[in-house]
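Data first, discussion second: the structure below is written as structure tokens.
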Amino acid sequence: MDFTFTEKEEKFRGELRGWLEVNLPKGWLQGDRKLSDDNEHYSKFLRDWQRTLYEGGWAAISWPKEYGGRDATLMEEIIYHQEMVRVQSPPLVNYIGIHMVAPTLMQMGTDAQKEEFIEKILTGEQVWSQGYSEPGAGSDLTALQTTAVKKDGKWVINGQKVWTSFAHLADRCFLLTKTSQSEKKHEGITVFLLDMDQDGVETRPIVQMDGHQEFNEVYLTDAIATDEDIVGEEGKGWAVLIALMLHERSGIAAQVFTLEQQFEQVIEMARTVRVNGCLLIDDPFVEDGLADLYARINGAKLNYYRNITHTLKNGRPGPESSLDKLLVSELTKELFDFAMTIQGHAGVLTNDDSIFDAEMQSQYLASFGATIGGGTSEVQRNTIGERILGLPKDLGR
Amino acid sequence: MDFALSEEQELFRTAIRKYMNDLDRTEAARAVISGKLDVVATATSGLAEMGVTAIPVSEEVDGLGLGALDLVPVFEETGRVLLPGLQLETLALAVPLLEAFGTTAQKATRLPKVASGESSISVAWYERDGSLFPNSFSCIAAKTESGYALTGTKTLVPVIGDPDTFITSAQTAEGKSLFLVKASDVASFRTLSVLDETQQLAKITLTNAPGELLGEPGHATDMLKDGLLHFNAALCSSMVGGMDELVKMTGEYAKIRVQFNQPIGRFQAIKHGIVNMKLDLETARSLSYYAAWAVETNSEDKAAAVHSARSFISKAFIKAAADSIQIHGGIGFTEELDVQLYLKRARYYENYFGSVRDSRRVTAQSLGWHSTPAKRDAVPVS
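The listed protein sequences correspond, in order, to chains D and F. So in my numbering the end of the first sequence lands on 403, straight run, no missing numbers. So in my numbering the end of the second sequence lands on 1383, straight run, no missing numbers.
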């Protein structure tokens, strides 16, 4: 067992840290981290940030050098996430493009697709969304009903997508459609690289329970795509989707480190806020609850390290890595639930009236999304039960 | 980054597991229940032959001088089958106490016999009120010409497999102190009725029993706390072994038990219940590895590492056993199935040398949560 980083890894960390200190938006490190509510400003700010990352060579470190990446090792990738979380860097607007779409295109895209999209994804010139879920296809993605029908050499797409992250900012969409009806539900699915800038695509933002608008409904009415927009083979989109999901070799590094940081913020609150003259942390109920959360959050991080070790030794993640998402998202919810409880009735105050930091209130609300998005906790448990414990498959699947 | 046991440690695990299979797994624990106590001695000498009893003993006194991480596979595998015996108390508490605080002569007299498996040592700490850190002990150690004479009653003393020595706490003029007392010098001895029948606890009475001072007088509590870091790390591994077996057992049952024309593991209520056990198991395993690593490397956060592991795993072991009984249904409620043995063992360990609450308090204190808070500022710049 060894938790130290090599000299080379520490040098990498130092380089990134130095770069961030110089290049983060003005005032960011000093705590001026509020993002604009105005969509246009927000979008411009994030695109500018990605451009800055690109120019510094920090936008896609795990990509091969030939595509403008750094060929980063897994450990460098983990350090990258640690450092980005440490400075609470602005979100990567083209996360989907960089971490999912481009690596998939590198693997199975045509030369023309690589030529057309990969560089623009890297620079942030082209922002991507992913069109998966539909009103009738949530956890059961194979029930999707958006159709693509070939007419006069073009594909005509009709249907509705929902929960489409970044669609309101996106130029392109990694879109799942049905191109044929098949007995087998994983067949007949085709992935298109859809141009969002056309009359047949209408995007309506969805207001979340925390007030943010991060995802959208996307209405497709005779939207047009071409053969050149298909990824992989027509009708074999499910395989493309699986390939895409396997590109996340560093797993949920950012969420793990974010959870650790959020826990420290809750500790700080407990060591700062006084109730009846007494610090929250000195209340045995608070101390006990936080020590319990410390154990479990640390345990989740250590699980992640154990899984990373497996990847380092075997070249790919072991089955247990599928536990990470479930654990971390559930713990995030529990952490903020407890953070709300210990603030007492004053915990209902938010924004400038919050008794410590309105992050407690907004992160509490945001935490409910984590156990739903990217596969609900229930679906995660089915998967773990079946794939790792070998329990029989659920009926209907 | 390398957060895994070494290849040698994993190989050693395989060997221990094989030996546990040779002992017919939980049959050894069941033998104790039916009064066939010779299995304890058999297992101890078997483990000694494999070198287990020499692991934590330093090389100068005929041991292997290995660390807490080398005990992880041992205790996971013995814990998996609820092996009865004093391995935890001897190897993970008495040995660290003797190694840290014993004189050269004390070590030379006792540790070679521990390493060879001839001797096991228990700890007589608790008194009638069951408090782990009492204000004072009612057992008194009076100074004599040659040493000390101890008089008083100790309870909850583990005695399975006939330990030849008790590390005993008693009050002296300086305060709470530790002594080595020979088992043959105990005046009277009554075994207690224990919920976990695979364990044996006794109430022992000392009447001017000769005691050899261990460490500085007046420092019993600090010494015990130090020893308990080793003990708790090992105890966590043992509980992880038990949890692992519970997850396996419950999963297997859910695959073969058919109701409503299908294996019950297909139902999400059952499936998700077992997955939750698995989640706790993985967290427990990670925490226990880290605790052992922290003890072995004497890392700065070792108290938090050990006590956060202990608090989580004590609870999780009980929950895993309780959930396993429920998922097994009627058969889970029977004596015939092993699950009840795990539940009783989990309950036995819950407050053994410290409660969940105690461990959480230590976690908070050792992380400095109660000191004056630092001023809140922006992200620290390197």
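Built from N, CA and C at the ideal position, the CB exists for glycine as well.
Among the residues facing chain F, Pro96 of chain D is not included, as its CB has no counterpart in that chain under 8 Å away.
At a C-beta separation below 7 Å, Glu1283 of chain F has these neighbours in chain D: Asn309, Glu326 and Leu329. For Phe263 of chain D, the number of other beta carbons within 10 angstroms of its own is at least 16, and it is reported as buried. Beta-bridge annotation (DSSP): Lys40 of chain D is not paired with any residue. Taking 8 Å as the CB threshold, Gly380 of chain D stays off the interface with chain F.
Here DSSP, grouped into helix, strand and coil, assigns Val281 of chain D to strand. Following the DSSP letters along the chain, one finds Thr227 of chain D inside the beta strand (DSSP E) bounded by residues Phe221 to Ala231. Cβ-Cβ distances below 7 Å link Val1363 of chain F to Ala1304 and His1308 in the same chain, with the five nearest sequence neighbours on each side left out; the list follows chain order. Closest option to Ala1093 of chain F, judged by alpha-carbon separation, among F:Leu1214, F:Ser1367, F:Phe1354 and F:Asp1063: F:Phe1354. By the C-beta density criterion, Arg178 of chain D is buried, having at least 16 other C-beta atoms within 10 angstroms. Restricted to the segment 106-151 of chain D, the beta strand (DSSP E) segments that are unbroken, complete and at least 3 residues in length are 134-137, listed in chain order.
In the structure shown, Val1187 of chain F falls within a coil segment according to DSSP collapsed to helix, strand and coil. Ala1317 of chain F places its beta carbon less than 8 Å from that of Met1244 of chain F. For the pair Gly1047 of chain F and Met1240 of chain F, the CB atoms are not nearer than the 8 Å cut-off. In this structure, DSSP gives Ile314 of chain D a helical state, which the three-state scheme calls helix.
For Glu293 of chain D, a Cβ of chain F is located within less than 8 Å of the residue's own Cβ. Against chain F, the beta carbon of Ala306 of chain D has neighbours under 7 Å at Thr1284, listed in chain order.
Residue state for Trp1294 of chain F is assigned as helix, using DSSP reduced to three classes. Below the 8 Å Cβ cutoff, chain D contributes no neighbours of Asp1163 of chain F, its closest Cβ being approximately 36 Å away. For Ala1365 of chain F, the chain D residues whose C-beta falls within less than 9 Å of its own C-beta are Ile287, Glu293, Asp294, Leu296, Ala297 and Tyr300, listed in chain order. Across the segment 1181-1201 of chain F, no CB contact with chain D closer than 9 Å is found for any residue. Contact with chain F is found for Met7 of chain D, since one of that chain's Cβ atoms lies less than 8 Å from the residue's Cβ.
Taking a Cβ-Cβ threshold of 8 Å, the residues of chain F close to Met81 of chain D are Met1002, in chain order. Within the DSSP bridge table, the entry for Phe198 of chain D names D:Leu181 and D:Ile236 as partners.
In this structure Leu1202 of chain F does not touch Val1259 of chain F by the C-beta definition: roughly 42 Å separates them, more than the 8 Å allowed. Counting only Cβ-Cβ distances below 9 Å, Pro1057 of chain F has no contacts in chain D at all, with the closest Cβ about 17 Å away. Annotation: the continuous alpha helix (DSSP H) that includes Gln1327 of chain F extends over Lys1303 to His1329.
Between Pro1085 of chain F and Ile1122 of chain F, the C-beta spacing is not below 8 Å.
Cβ proximity to chain F below 8 Å picks out nothing from the segment 341-357 of chain D.
Taking the C-beta atoms as reference points, Val162 of chain D is found no nearer than 8 Å to Leu181 of chain D. Arg322 of chain D: not part of any alpha helix (DSSP H); DSSP gives it neither H nor E. Assigned with DSSP and collapsed to three states, Ile1161 of chain F falls in coil, not helix or strand. The C-alpha of Arg1358 of chain F lies about 15 Å from the C-alpha of Arg302 of chain D. DSSP places Arg1348 of chain F in the helix class (H, G or I) of the three-state scheme.
At the C-beta level, Val91 of chain D and Ala260 of chain D come within 8 Å of one another. Short of 7 Å from the beta carbon of Gly62 of chain D, and not among the five residues preceding or following it, lie these beta carbons of its own chain, in chain order: Trp25 and Asn29.
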